[in-house]
Each structure stands twice: as C-alpha cells, then as structure tokens.
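Contents: one structure, followed by commentary.
Numbering (the numbering used here), first residue to last: 2 to 113.
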C-alpha cells in the first residue's frame, strides 16, 4: 500500500527525522511496506510469559508476564516492578521475529 504525503509527514514527525533523513528513509521500499501495515500492529499486545526461573536476582517466577505494544515498547504499568535486563535481552529477538512475521502476513494468534 502506498503512503500519502500526510502519512509520511506523520512518520517524519514521530521519528524526528530531518527532510534529508526522510528522503533517504523513503528511498527504501521496505520502510513504506512496514509503515503501511503499522497501524494494524499497533492494536496488538505482545505477551511474553516466564516459563522457568531459578536464582533470578529480579525474582521472576514461572508465569510472570511481560507486556509490549505491537512496536515492541515495554508496557511498564502492566509488568512486574523489577525486570531483569537479561530477560529483556532474550525477548528482543522474539519481538523482532514476531514483527517480521506479522509484516509477512502471518496471523499473530497462530504464532507459537
């Protein structure tokens, strides 16, 4: 789907890009593809559940959940008060993969 100029201006403002940076950004067709699908992704919540934990300094336990918006931003008000940086590190690749699958047309409810 092609983005109109108004949509590109919204993207530019959101990312804080200069006109020159935006020109470069728009030259990559993948960026238009991603942003044309982004609004549907923003209505999603990514939930990551701790499966096992032993000796965790942050005291995470099996069943604890971390919540992220569709863009991968941690929704801190829904998460435990303390979050282990090592847990976040291992989650980053999973969120990236889920976003890529979403952009490729995979139903998020069928991802496992």
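Ideal Cβ placement from N, Cα and C applies to all residues, glycine included.
Let me make sure I understand the geometry here. Which of the options has the alpha-carbon closest to that of residue i?
i	options	result
residue 92	47, 28, 64 and 5	47
residue 36	6, 89, 19 and 20	6
residue 71	38, 23 and 21	38
residue 87	27, 56, 28 and 24	56
residue 94	11, 30, 110 and 73	73
residue 45	19, 8 and 76	76
Return the Cβ separation of residue i and residue j in integer angstroms, given the expectation that the two are a contact with Cβ distance under 8 Å.
i	j	result
residue 83	residue 54	About 12 Å; that fails the 8 Å criterion.
residue 62	residue 50	At roughly 11 Å, the Cβ-Cβ gap does not stay under 8 Å, so residue 62 and residue 50 are not in contact.
Could you tell me the boundaries of the beta strand (DSSP E) in which residue i lies?
i	result
residue 70	66-70
residue 19	Residue 19 -> no beta strand (DSSP E), and no H or E assigned at all.
Do residue j and residue i count as a contact pair if the criterion is CB distance below 8 Å?
i	j	result
residue 42	residue 100	yes
From the DSSP output, read off the bridge partner residues of residue i.
i	result
residue 49	67
Taking residue i as part of the alpha helix (DSSP H), name the residues at either end of that continuous run.
i	result
residue 28	Residue 28 -> no alpha helix (DSSP H), and no H or E assigned at all.
Given the structure, does residue i come close to the ligand FMN, in the sense that its CB is under 7 Å from one of the ligand's heavy atoms?
i	result
residue 101	In the structure on display, the ligand FMN does not appear, and there are no ligands present to speak of.
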